[in-house]
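Visitor: Heads up, the sequence shown is in UniProt numbering, so the first residue is 1 and it goes up one at a time.
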Amino acid sequence: MENSTHFKFFRLINKHIYFSFTLILYIFTIFVNLILIVTIFLEKMLHEPMYLFLCNLCINGIYGASAFYPKILYDLLFDSHVITYIGCMTQILVIYSYAFCEFTSLTVMAYDRYVAICKPLQYHSIMTTRKVWTLLLLTWLFSWLESGFGMGITAKLPLCGLDIDKPYCSNWAVVKLSCVDTTLNNLYGFIATFSHISQMILIVISYVNIIKASLRSRAERKKFMQTCLPHLITLTNFTISLTFDVMFARYGSNTSLLALRNIMAVEFLVVPPLVNPIIYGMKLTRIRNRVGQMFKLKVAALT
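#1: Pull up the distance between the alpha-carbon of P158 and that of Y74, whole angstroms please.
#2: So, with DSSP's three-state summary, where would you put S80?
#3: Express the C-alpha separation of I35 and R288 in angstroms, rounding to a whole number.
#4: Quick one, which of N185, L138 and T128 has its alpha-carbon nearest T154's?
#5: What are the complete beta strand (DSSP E) segments, minimum 3 residues, inside the region 148-222?
#6: Relative to the alpha-carbon of T29, which residue among T234, A110, L284 and N276 has its alpha-carbon at the smallest distance?
#7: Tell me which same chain residues have a C-beta within less than 6 angstroms of the C-beta of R261, skipping the five on either side of it?
#8: Return the chain-ordered list of same chain residues with a C-beta closer than 6 angstroms to the C-beta of H196, the five sequence neighbours on each side being excluded.
#9: Could you give the distance in angstroms between the alpha-carbon of S241 and the alpha-carbon of F100?
#10: Which residues bound the alpha helix (DSSP H) around H124?
#11: Among E43, Y63 and A219, which residue has its Cα nearest to the Cα of W140?
#12: For the alpha helix (DSSP H) that L106 lies in, which residues bound it at each end?
#13: Would L93 and S147 qualify as a contact pair, given that the criterion is a beta-carbon distance under 7 angstroms?
#14: G150 and Y96 look like a contact to me (Cβ under 8 angstroms); what is the Cβ gap, rounded to whole Å?
#15: Can you tell me whether DSSP reads H231 as helix, strand or coil?
#16: Between the beta-carbon of I40 and the beta-carbon of Y51, is there less than 7 angstroms?
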């Protein structure tokens, strides 16, 4: 009886430690993204295409993190691992639209850097304010349509099971619970995959041209290191984690490498929203200087 009491006590302590750590991580993720969003919004000199696309990336980071953290925090606090069907479908819609928007945003940012470095004299005539806002609108519109269609055909499936083998609801995890033919869902998955592979090809082509242009002069190499290197780090991290999660969900075993699978399943929801604003904030001189000025003014006002 005494051993059982000790076990429950330590289990309760561990649960609250995990909850506290996760809550701090969520708050910090929102905080660092909001810093960049507010900085770009307040500083008129940062109202340029590159910074507006970065602002959009930070907004999407908060959006994606908010699809994951609240449910996990609820589960940790109340020791609950249940979600309603509507809640599950909503989580699928938000998480997938976040992932699609992230990848499309990174594609648009690669195009922006290609024009800036390979066609510097034509940059402002190509990347007009109207074109920038159109690209941002289309990024969100296509992401919502793509994820909405996927969720819609999944919602029509009758389910023969209730257990999802992931820390959150995912489209394929729900499809696997179906007891009818899922050919349409498979076809949609392959079409969506092909669409984003095409985006990846466009990014690779952009960077081949960017690297060629960067080798011509020292100034172009410096611009590449400051503006393109953070983008490459973000893109590589997001692509690897998302690819691993998709491949493991479809073709991996439900029993092998479970810990690694769960880590990689949440990595693209946890790491990019947290790391992206930090990397860009450190590498982009204008943002770093502006954030430093804001903190100095805040400290001066408090003293």
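Note that the Cβ used here is the ideal one computed from N, Cα and C, for glycine as well. This one's a predicted model, so the numbers in the text were calculated from it and none came from an experiment.
Guide: Reading from the atomic positions:
#1: 27 angstroms
#2: coil
#3: 11 angstroms
#4: N185
#5: none
#6: N276
#7: F248
#8: F103
#9: 14 angstroms
#10: Y123 to I126
#11: Y63
#12: Y85 to C118
#13: yes
#14: 6 angstroms
#15: helix
#16: yes
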